[in-house]
Amino acid sequence: MRRRFGNGFTLIELVAVIVVLGIAAAIFATGFAQLPRSLGVDEEVQTAAQLAQACGEHIVAFRRDSDPSRGYDNIPTGTGIAICNGLALPAGYTRSVDVSDAGGAAPCPAGAACKQAVVTASGSAYSSRITFLLVK
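When the letters of the sequence shown are read in order and numbered with the numbering used here, they come out as residues 19 to 154.
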């Protein structure tokens, strides 16, 4: 007489486990399929933010410079000014700088001269914008 031990899996149980694992793998695969697209978007957004930040830092350095040809008074106001044109710009990206007189506006301290700078850097589909105040 043979003894049967009940510590194994039946064929039906193994097939059920394989089916469940197959469904779970298909769900994870669709999530990973979109990963390269997401990484490309993240890279473009980050590059645009870095380009805008670099231009903003250049403008602040220009404003703080003690050279008479530079400084607060020599930062032009207007749309599309060329103050950051000397900075490197990767292919496929654009950058625009708009500076306006903000004297008397809410964030400007009373009695101070202020200029508001808006730097926008854009890739093919995404852009990043920084806004800051220059106070004299």
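Even glycine gets a Cβ: it sits at the ideal position worked out from N, Cα and C. All values derive from a computational prediction rather than experimental measurement.
Rounded to the nearest whole angstrom, the C-alpha separation of residue 98 and residue 115 is 5 Å.
Per the coordinates, the alpha-carbon of residue 74 lies some 10 Å from the alpha-carbon of residue 101. For residue 142, same chain residues with a beta-carbon under 8 Å away, outside a window of 5 residues either side, are 62 and 110 in chain order.
Burial state of residue 146 is buried, judged by a 10 Å Cβ sphere holding 16 or more other Cβ atoms. In the DSSP assignment, residue 105 falls outside any beta strand (DSSP E) and carries neither an H nor an E. Distance from the CA of residue 69 to the CA of residue 150, rounded to the nearest whole angstrom, comes to 15 Å. Each residue's CA atom was taken as its position, placing residue 47 and residue 40 some 10 Å apart.
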